[in-house]
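S.K.: Residue numbers (my numbering): 226 to 1091. Below is the structure I would like to discuss, written out as structure tokens.
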């Protein structure tokens, strides 16, 4: 990272020399990655605030699988991956739920349950003109977003050179782990018509389907253990075989009329993401506190390995010592976004009026089923010599030993409806070039509901009504799992046969083999439910005053937020009590941005901005979610309780930004920036675990608590550097090369109520990436690398209970060949290094809590444009 920043800082001398040799190419029509870079740089240079842009090329396509992976390549942007695909975006170390997300400038909300994090893997980049990431915002932009704002800019028929547009793209792939063939494609068609081409219409659709596998290891609850070589141990080892099918369906459209000083438009986007998940999970509890304290547990010399003795169970009888579990989960997720807007603008001499009204409907549907069987395998050997350790019974449980313990049916639904509108009045000051005064107002009315039902059944009360995997032919084969490479398989099995257990459960659920847990069902059916009405009213005034090379843009925004939150609380394990809380707060959000241009090559910006970050909806819930299952069968339980905090205050952040940009050539840029954020009322999730405790009228062997709280303050300070260059000045073959790189260093501190100092959640200390590309004649190719540094996920009750995302490195490549003027073929390779996603605990990378592997993916396809 330091080498990258040093190289970026010392490039100007080389660039100045190279620029002197550059051949003017103003008449050349630039396409592909060159066009993408030039458009992005032009938008960045002309902006008042501090923004970065990922622009589509001339045929309207963005790279990567979804919008999250598109913006990952911009400075200061980190992405959290799920099952090998980018999903949530952090900007300059600020978590995704504190960003603002807009489509064509209107808030798009999110379908993702009870938070404000828009999962950007829902949206296909192929239907967009560009993606803008605003880091220092002007007063006419929403106050929400202490990290920044991500604006998805729709395509229109006026974005293309040609009057008629037809473009299509199709790809097929190959996935390394399961040897499946994913597909994806998109098509757009549009035209401008009328005597003066004043009308424009563009519609597009996209589809992708990916059936894939992933392998993972997920130990729980590391804590210090005397004699252990790593200084501690987890209570278990879990490993998983995932098989998933993901589909995305997208559509977008734009109908525009432009005539002189007037414009009207009707635009919309629909995106639907579905996922079918099959998960077989092996779990072995071999190092619980009780086992470690017993004579059954012993380390070998050095503490890297050891043995835990026990007695295996027979049939439905009991055993002792380590406990083995087998879980099967069948889950379906469906998330969708539907947004439409009607707007326009009119200019009357020096006054321009912009207006828009929009309606957004988001929803999530998530049914799933979970079965669990348990046994005692007897003696277990463990070995921590490798980073991804092993713990293995000397004799694995047979199907006849795995006893049914729990079955659950869950169905979660969430709906979000948003009405919003805004109007802006801009007066261009006569006699002052590019100067204006503006004022406007906005309203947003949001209704968001989330309903969760989780019905639970336990085993029968006697040996006659209990059953094993073997009794009714419910066992499946043992599956090899490869979470740490192809040469280290873990045996996951006997598994649970999905078809057999589904049919058998449906036929016997009302019989004696299943005992409905009415207390758990009642709690799970109500405690996580929430209904929120959130209304935001806003107004602003700003000016942009240009005095020669100096432009000063002061502004002041006012936002009033009113929310009513309804939830439920559990009393004594049997009584549900509805609770409603109302909150209202107002924010004055000043800003001033100073821009100095030195000719057309240099720009300097200084900015002060104030923004807010509203708490997640679930964080405000006055109720809570209690989920639990049978513990050791002795009348105690293991559970998790998460509750909200209706007294939470919003984040409020004062930000200082300084940036310098040198536009040394077409497609060339060097930029340096520094930023500081002073954040009041940061919200963190407090996690802690109690053992042998009572809660809500129930006795728990182990109960994990989770609740959001306001901390005192937090600070982030960072620097960014970016470099882009097209080597068109070089002779012959070499003139086709280009290079871009960026790096961000961020440091933060979060002061907790107990006085402990932590880092800010989702803040990576290092973010950096680089891309080498080539474009000459019919050939276009690139190799891209990106690293998202380690970041805090959640704060524990003690420092060693904090959880982190580990560094995530991505290496991708692609090549494209233009066959004719209208037809091109291409190939792509993703995750060439077979990088897993890792999480760890206690600021120790060897205390990992996730190591999940997805393998490499290869694509080949063709595109056409007419």
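The C-beta atom is built at its ideal place from N, Cα and C for all residues, glycine as well.
Could you pull out every residue in the same chain whose Cβ sits closer than 7 Å to the Cβ of residue 230, ignoring the five residues on either side in sequence?
M.R.: Position 5 of the chain shown, counted from the start, is the residue given in the question as residue 230. At residue 230, the pLDDT of 37 sits below 50, so the modelled position is not reliable; the number obtained from the coordinates is stated separately. If we look at residue 230 and ignore the five residues flanking it on each side, its Cβ neighbours are 946 and 968.
S.K.: Taking the alpha-carbon positions, what's the residue 1058 to residue 1038 distance?
M.R.: Taking the first residue of the chain shown as 1, we reach residue 1058 at position 833. Taking the first residue of the chain shown as 1, we reach residue 1038 at position 813. Residue 1058 and residue 1038: Cα-Cα distance of roughly 11 Å.
S.K.: Among 811, 805 and 728, whose alpha-carbon lies nearest the alpha-carbon of residue 763?
M.R.: Your numbering for residue 763 matches position 538 in the chain shown. The shortest Cα separation from residue 763 among 811, 805 and 728 belongs to 811.
S.K.: Pop quiz: residue 679 and residue 633 are said to be a contact at Cβ under 8 Å. What is the actual Cβ separation, rounded to whole angstroms?
M.R.: Taking the first residue of the chain shown as position 1, residue 679 is located at position 454. Taking the first residue of the chain shown as position 1, residue 633 is located at position 408. Between residue 633 and residue 679 the Cβ distance is about 6 Å, and since that is below 8 Å, they are a contact.
S.K.: Quick one: what does DSSP say residue 1071 is sitting in, helix, strand or coil?
M.R.: For the purposes of this step, residue 1071 is taken as residue 846 along the chain shown, with counting starting at 1. Looking at residue 1071 - three-state DSSP - the assignment turns out to be strand.
S.K.: May I have a chain-ordered list of the beta strand (DSSP E) segments no shorter than 3 residues that lie completely inside the stretch 275 to 357?
M.R.: Whole beta strand (DSSP E) segments, 3+ residues: 275 to 280, 302 to 307, 310 to 316 and 325 to 328.
S.K.: So within the stretch 656 to 683, which uninterrupted beta strand (DSSP E) runs reach at least 3 residues, ignoring any that extend past its ends?
M.R.: For the stretch 656 to 683, whole beta strand (DSSP E) runs of length 3 or above, ordered along the chain, are 661 to 683.
S.K.: Quick test of your reading: residue 1025 and residue 1016, contact by CB under 8 Å. State the CB separation rounded to the nearest angstrom.
M.R.: In the chain shown, the residue the question calls residue 1025 occupies position 800. In the chain shown, the residue the question calls residue 1016 occupies position 791. Wrong, their Cβ atoms sit about 17 Å apart, outside the cutoff.
S.K.: Just how far apart, CA to CA, sit residue 473 and residue 321?
M.R.: Here the question's residue 473 lines up with position 248 in the chain shown. Here the question's residue 321 lines up with position 96 in the chain shown. Roughly 21 Å between the two C-alpha positions.
S.K.: Would you say residue 697 and residue 729 are within 9 Å of each other, going by their C-beta atoms?
M.R.: For the purposes of this step, residue 697 is taken as the residue at position 472 of the chain shown. For the purposes of this step, residue 729 is taken as the residue at position 504 of the chain shown. It is a contact, given that the beta carbons lie within the stated cut-off.
S.K.: Hey, which unbroken runs of the beta strand (DSSP E) at 3 residues or more fall wholly within the stretch 487 to 543?
M.R.: Qualifying beta strand (DSSP E) stretches, in chain order: 487 to 510, 522 to 524 and 530 to 533.
S.K.: Relative to the ligand GTP, is the shortest distance from any of its heavy atoms to the C-beta of residue 599 smaller than 8 Å?
M.R.: The ligand GTP is absent from the structure shown, which contains no ligand whatsoever.
S.K.: When you compare the CB positions of residue 673 and residue 711, do they come within less than 9 Å of one another, or not?
M.R.: Within the chain shown, residue 673 is the residue found at index 448, counting from 1. Within the chain shown, residue 711 is the residue found at index 486, counting from 1. No, the Cβ-Cβ distance between residue 673 and residue 711 is not below 9 Å.
S.K.: For residue 1045, count neighbouring C-beta atoms within 10 Å of its own C-beta (all shown protein chains included) and say buried if the count is 16 or more, exposed if not.
M.R.: What you label residue 1045 is simply residue 820 of the chain shown in a count that begins at 1. With fewer than 16 other Cβ atoms within 10 Å, it is exposed.
S.K.: Exposed or buried, residue 1048, counting other C-beta atoms within 10 Å across all chains shown (16 or more means buried)?
M.R.: For the purposes of this step, residue 1048 is identified with residue 823 of the chain shown, where counting begins at 1. With fewer than 16 Cβ atoms within 10 Å of its Cβ, residue 1048 is classed as exposed.
S.K.: Could you tell me the alpha carbon to alpha carbon distance between residue 416 and residue 481, rounded to whole angstroms?
M.R.: Locating residue 416 in the chain shown gives position 191, where the first residue counts as 1. Locating residue 481 in the chain shown gives position 256, where the first residue counts as 1. Rounded to the nearest angstrom, the two C-alpha atoms are 11 Å apart.
S.K.: Smallest Cα separation from residue 565: which of 479, 487 and 598?
M.R.: Counted from its first residue, the chain shown places residue 565 at position 340. Closest option to residue 565, Cα to Cα, is 479.
S.K.: To the nearest angstrom, how far is it from the Cα of residue 337 to the Cα of residue 639?
M.R.: Within the chain shown, residue 337 is the residue found at index 112, counting from 1. Within the chain shown, residue 639 is the residue found at index 414, counting from 1. Rounded to the nearest angstrom, the two C-alpha atoms are 8 Å apart.
S.K.: Within 10 angstroms of the Cβ of residue 246, are there 16 or more other Cβ atoms? Answer buried if so, exposed if not.
M.R.: The residue given as residue 246 occupies position 21 in the chain shown. Residue confidence is low: residue 246 scores 34 on pLDDT, short of 50, so the model does not pin down where it sits. No coordinate-derived value is stated.
S.K.: Straight-line CA distance for residue 1027 to residue 1068?
M.R.: Counted from its first residue, the chain shown places residue 1027 at position 802. Counted from its first residue, the chain shown places residue 1068 at position 843. Whole-angstrom Cα-Cα distance: 7 Å.
S.K.: Could you give the first and the last residue of the continuous beta strand (DSSP E) run that contains residue 751?
M.R.: Position 526 of the chain shown, counting from 1, holds the residue named residue 751. Per DSSP, residue 751 belongs to no beta strand (DSSP E); it is in the alpha helix (DSSP H), 743 to 751.
S.K.: Since residue 482 is in the alpha helix (DSSP H), which residue starts that stretch and which ends it?
M.R.: As a working note, residue 482 is residue 257 in the chain shown. Per DSSP, residue 482 belongs to no alpha helix (DSSP H); it is in the beta strand (DSSP E), 461 to 484.
S.K.: On the three-state DSSP scale, how would you describe residue 959?
M.R.: If you number the chain shown from 1, residue 959 lands on position 734. Residue 959 falls in the helix class under three-state DSSP.
S.K.: Flag this pair as yes or no: are the beta carbons of residue 598 and residue 630 separated by less than 9 Å?
M.R.: Within the chain shown, the letter at position 373 stands for residue 598. Within the chain shown, the letter at position 405 stands for residue 630. Cβ distance < 9 Å, so residue 598 and residue 630 count as in contact.
S.K.: Tell me where the beta strand (DSSP E) around residue 732 begins and ends.
M.R.: Residue mapping note: residue 732 aligns to position 507 of the chain shown, counting from 1. Run containing residue 732: none in the beta strand (DSSP E); it sits in the alpha helix (DSSP H), 723 to 733.
S.K.: Return the bridge partner residues of residue 893 from the DSSP annotation.
M.R.: The residue you call residue 893 lines up with position 668 of the chain shown. Paired residue(s): 890.
S.K.: Report the residue from 551, 977 and 418 whose alpha carbon sits nearest the alpha carbon of residue 938.
M.R.: Within the chain shown, numbered from 1, the residue matching residue 938 stands at position 713. The candidate whose alpha carbon is nearest that of residue 938 is 977.
S.K.: Give the range of the beta strand (DSSP E) segment to which residue 439 is assigned.
M.R.: Indexing the chain shown from 1 puts residue 439 at position 214. Its beta strand (DSSP E) spans residues 424 to 442.
S.K.: In whole angstroms, give me the CA-to-CA distance for residue 549 and residue 521.
M.R.: Locating residue 549 in the chain shown gives position 324, where the first residue counts as 1. Locating residue 521 in the chain shown gives position 296, where the first residue counts as 1. If you take the alpha carbons of residue 549 and residue 521, they lie about 16 Å apart.
S.K.: Using the beta-carbon count (16 or more within 10 Å), is residue 1055 buried or exposed?
M.R.: The count along the chain shown starts at 1 and reaches residue 1055 at position 830. Residue 1055 should be labelled buried.
S.K.: Helix, strand or coil for residue 842 per DSSP?
M.R.: Position 617 of the chain shown, counted from the start, is the residue given in the question as residue 842. Helix.
S.K.: With DSSP collapsed to three states, give me the class of residue 1044.
M.R.: Residue mapping note: residue 1044 aligns to position 819 of the chain shown, counting from 1. DSSP places residue 1044 in coil when its eight states are reduced to three.
S.K.: Please confirm whether residue 961 and residue 949 have their CB atoms less than 9 Å apart.
M.R.: Against the chain shown, residue 961 aligns to sequence position 736. Against the chain shown, residue 949 aligns to sequence position 724. No, Cβ-Cβ distance for residue 961 and residue 949 is not below 9 Å.
S.K.: From the DSSP output, in three-state form, read off residue 249 for me.
M.R.: Counted from its first residue, the chain shown places residue 249 at position 24. Note on residue 249: pLDDT 34, under 50, position unreliable in the model; no value is reported.
S.K.: Excluding the 5 residues preceding and the 5 following residue 682 in the sequence, name in chain order all residues of the same chain whose CB lies nearer than 8 Å to its CB.
M.R.: Position 457 of the chain shown, counted from the first residue, corresponds to residue 682. Contacts found: 631, 632, 633, 734, 739, 740, 741 and 742.
S.K.: Which first and last residues belong to the beta strand (DSSP E) in which residue 596 is found?
M.R.: To locate residue 596, count along the chain shown from 1; it is residue 371. Counting along the chain, the beta strand (DSSP E) containing residue 596 begins and ends at 576 to 600.
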